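Peer 1: In our numbering, the protein residues as written are 94 to 168. Glycine included, each C-beta is placed from N, C-alpha and C at the ideal position. Every value quoted in this text rests on a predicted model; they were computed, and no experiment measured them.
Structure representation (structure tokens):
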């Protein structure tokens, strides 16, 4: 997993490849990342270049925006 210029990612969905592609297209947001760490589970997330002290605030904001449980992934 490369850093790609951000401090942390807020993951808001973990789906199959087909489900993740469909959801990414539905969202139509350029800042939504789709990636996988294995061949089964694809993650949809947003990357942030902010201090780590902002993780809780960003996580809670995205949880309300996407209406899904979210979690943080660090490099």
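1. Using only alpha-carbon positions, find the residue among 165, 130, 109, 112 that is nearest to residue 140.
2. Measuring alpha carbon to alpha carbon, tell me which residue in 146, 111, 160 is nearest residue 136.
3. From what residue to what residue does the beta strand (DSSP E) around residue 129 run?
4. Within this structure, are the beta carbons of residue 155 and residue 105 separated by less than 8 Å?
5. Return helix, strand or coil for residue 111, following the three-state DSSP convention.
6. Taking all protein chains shown into account, decide if residue 113 is buried (16 or more other Cβ within 10 angstroms of its Cβ) or exposed.
Peer 2: Answer, in terms of the structure:
1. For the purposes of this step, residue 140 is taken as the residue at position 47 of the chain shown. Looking at the Cα atoms, 165 is the closest of the given residues.
2. For the purposes of this step, residue 136 is identified with residue 43 of the chain shown, where counting begins at 1. Measuring from the Cα of residue 136, the nearest candidate turns out to be 111.
3. What you label residue 129 is simply residue 36 of the chain shown in a count that begins at 1. That run of the beta strand (DSSP E) goes 125-129.
4. For this step, residue 155 is matched to residue 62 along the chain shown. For this step, residue 105 is matched to residue 12 along the chain shown. Against a cut-off of 8 Å, the Cβ pair of residue 105 and residue 155 comes out as a contact.
5. Position 18 of the chain shown, counting from 1, holds the residue named residue 111. Helix at residue 111.
6. Sequence index remark: in the chain shown, residue 113 carries index 20 (1-based). Per the 10 Å Cβ criterion, buried.
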